[in-house]
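What follows is a set of notes on a single structure, which appears directly below.
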């Protein structure tokens, strides 16, 4: 029996970035249906600040 290997997750960085951006757009679209723009802006700003703090700690 022959087993064929397929590439489920591409190793090409450009393709991986494209997939990540599509996932991010999907997430923002879903969340924006439930929360107002002001709430999302505040949440994403808080997240960005936390990521910057964690990056400097590492």
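Residue numbers (our numbering): 10 to 67.
Glycine included, C-beta positions come from ideal geometry on N, C-alpha and C.
Note that this is a predicted model, so its numbers are computed, not measured.
If you reduce the DSSP assignment to three classes, tell me which class residue i lands in.
| i | result |
| --- | --- |
| residue 10 | coil |
| residue 41 | helix |
| residue 20 | coil |
| residue 15 | coil |
Starting from residue i, trace the alpha helix (DSSP H) in both directions and tell me its first and last residue.
| i | result |
| --- | --- |
| residue 66 | 46-66 |
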